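Residue numbers (our numbering): 1065 to 1590.
Every residue, glycine too, gets a C-beta built ideally from N, C-alpha and C.
No experiment lies behind these values; they were computed from the predicted model shown.
The next block holds one structure in the form of structure tokens; read it before the comments.
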């Protein structure tokens, strides 16, 4: 009897140990292979590798729980691709000859002991994404939308908050024990899962194309706004807006040599704080002229031709979905994600609505594309110089992310690569890879020179990729992956968001494109 009792107790202890080992192993797999979230765009640039490594990590966990021996003795040789998880000293090993071997050893993206972030830190990242420089275009949206534009700022906040949550829900599935586990790590992984098994990589390619367009357009907007601000700050100088854009691009050319964002990351917090200070200065000036506010100018009707452009501007100012999967995966308490999304989007809604309304009431029909251009000359020059500095320091983030996506998709996928790797065996950037990066910087300059219209470009980007990544794809993926578990009101919300988002996207894209063509023909700067 005693022997039988000891045997049963031993079996129970072994079972508990195996389950604990599986949970701990899964936890470390998730902790060890998440993208760094120092900057929002960079975390999304590594989505393909994260998805692949996470799936391989889950397979390793299953093998361990089935009782396979751990360590080198008795273990089977690793298959191709599993080398990331053969831990001799607790550290993942990057593939031979990859860029991660040079950068990852002690760089920003390769560390396996990445600290988790709190809900407040995650909220700061989201706030930094949706409260950036592009808020300066919102008063221009009120100019053409009136009170409906204010409603759209609130509506976009609610919808983007909701789609962010359902996008994260698509990362999880129930296992055989009924537990909800994280089986995907990126936007691309969700897209691929929706298109599997017939087209297992089609969704990821669509998302990659959309994010590249958005990232490159963001870079172009930074060059455009830099030229615009400098031109309007020093109108007496014999320097055109295009010339200022060229000067700004010359300053940005060293971005082609970036291998990581450690140096740039140090300035991001100061840049964001400076931007909040600038917003406060603008609002303070507007409040000083409160007696002259033109409430009668805020209309209830809309400009049918230009209001769709305002939709794109507002949507673009809320884009954050591309980095949310990586951000949520790096949180200490992922259960706090929903609460974090709520308060960040409520704060963004209040601040954006207040900023846009107060600025428009101050200048009414004279509101310009970039609201700081309406400030008096003495104040405008100082404020714009700070904004130009922020734009130039913000440019490397989307640029580096775009480069990473291109390199991962076209140059660093092993046998799936379309072109030879940009990096040599020692991790150094090859000359033609550097040429490719320089060409991307020059491309952003050419676009800024030939299409120097901040609001129209912002509206075009928001309608094309912003609406797709924030409205259309999350609702479509939610319906596709979780259809059997959705309640009727969730299905209704998803379908309604998809339909409304599709109409707004097509309408905004067409009217923004028409506005750009008209502006190009007349050679006018709105």
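Query                                                                                                                                                                        : Result
If you reduce the DSSP assignment to three classes, tell me which class residue 1362 lands in.                                                                               : coil
Per the contact definition of three or more C-beta pairs closer than 8 Å, is the region 1553–1573 in contact with the region 1265–1285?                                      : no
Going by CA-CA distance only, name the one from 1449, 1344, 1374 that's closest to residue 1291.                                                                             : 1449
For residue 1571, collect the residues of the same chain with a Cβ closer than 7 Å to its Cβ; drop the 5 residues on either side in sequence, then sort them by chain order. : 1372
With the cut-off set at 9 Å, would you say residue 1216 and residue 1205 are in Cβ contact?                                                                                  : yes
Helix or strand or just coil, what does DSSP make of residue 1471?                                                                                                           : helix
So which of 1338, 1453, 1553, 1286 has the shortest CA-CA distance to residue 1516?                                                                                          : 1286
Check whether the Cβ of residue 1503 lies closer than 8 Å to any heavy atom of the ligand MG, and answer yes or no.                                                          : The ligand MG is not part of this structure, which contains no ligands at all.
Hey, residue 1542 and residue 1235: beta-carbon distance below 9 Å or not?                                                                                                   : no
Inspect the CB distances between the region 1188–1196 and the region 1500–1513 and report whether three or more fall short of 8 Å.                                           : no
With burial defined as no fewer than 16 other Cβ atoms inside 10 Å of the residue's Cβ, what is the status of residue 1295: buried or exposed?                               : buried
Rounded to the nearest angstrom, what separates residue 1241 and residue 1220 at their Cα positions?                                                                         : 38 Å
For residue 1251 and residue 1461, what's the separation of their Cα atoms in angstroms?                                                                                     : 19 Å
Just curious, the beta strand (DSSP E) that residue 1400 is in, first and last residue?                                                                                      : That residue, residue 1400, is in no beta strand (DSSP E); it is neither H nor E in DSSP.
Could you check whether residue 1533 and residue 1573 sit closer than 9 Å to each other, using their CB atoms as the reference points?                                       : no
Can you check DSSP and say which residues form a bridge with residue 1245?                                                                                                   : 1237
What does the Cβ neighbour count give for residue 1389, buried or exposed, with the cut at 16 atoms within 10 Å?                                                             : buried
Tell me which same chain residues have a C-beta within less than 6 Å of the C-beta of residue 1530, skipping the five on either side of it?                                  : 1379, 1380, 1383
Where DSSP assigns a beta bridge to residue 1181, which residues make up the other side?                                                                                     : 1395
Looking at the secondary structure, which residues open and close the alpha helix (DSSP H) in which residue 1440 lies?                                                       : Run containing residue 1440: none; DSSP gives neither H nor E here.
Taking the straight line between their C-alpha atoms, what separation do you get for residue 1540 and residue 1558?                                                          : 7 Å
Assign residue 1249 to buried or exposed, taking buried as 16 or more other Cβ atoms, counted over all protein chains shown, within 10 Å of its Cβ.                          : buried
Assign residue 1392 to buried or exposed, taking buried as 16 or more other Cβ atoms, counted over all protein chains shown, within 10 Å of its Cβ.                          : buried
If you draw a straight line from the alpha carbon of residue 1399 to that of residue 1353, how long is it in whole angstroms?                                                : 45 Å
From this set, 1309, 1311, 1413, 1298, which residue's C-alpha is nearest residue 1214's C-alpha?                                                                            : 1413
Measuring alpha carbon to alpha carbon, tell me which residue in 1212, 1187, 1321 is nearest residue 1494.                                                                   : 1321
What is the DSSP secondary structure of residue 1262, counted as helix, strand or coil?                                                                                      : coil
State the Cα-Cα distance for the pair residue 1273 and residue 1244, rounded to the nearest angstrom.                                                                        : 31 Å
Could you give the distance in angstroms between the alpha-carbon of residue 1576 and the alpha-carbon of residue 1569?                                                      : 10 Å
Mind checking residue 1260: buried by the 16 CB within 10 Å criterion, or exposed?                                                                                           : exposed
Tell me which residues share the same chain as residue 1435 and place their Cβ nearer than 6 Å to its Cβ, disregarding the 5 neighbours each side in the sequence.           : 1200, 1203, 1423
Compute the Euclidean distance between the alpha carbons of residue 1438 and residue 1445, then round it to the nearest angstrom.                                            : 11 Å
Name the residue from 1209, 1255, 1453 whose alpha carbon lies nearest to the alpha carbon of residue 1545.                                                                  : 1255
Tell me, to the nearest whole angstrom, how far the beta carbon of residue 1520 is from that of residue 1580; I am working on the premise that it is less than 8 Å.          : 5 Å
Does the separation of the CB atoms of residue 1512 and residue 1282 fall below 9 Å?                                                                                         : no
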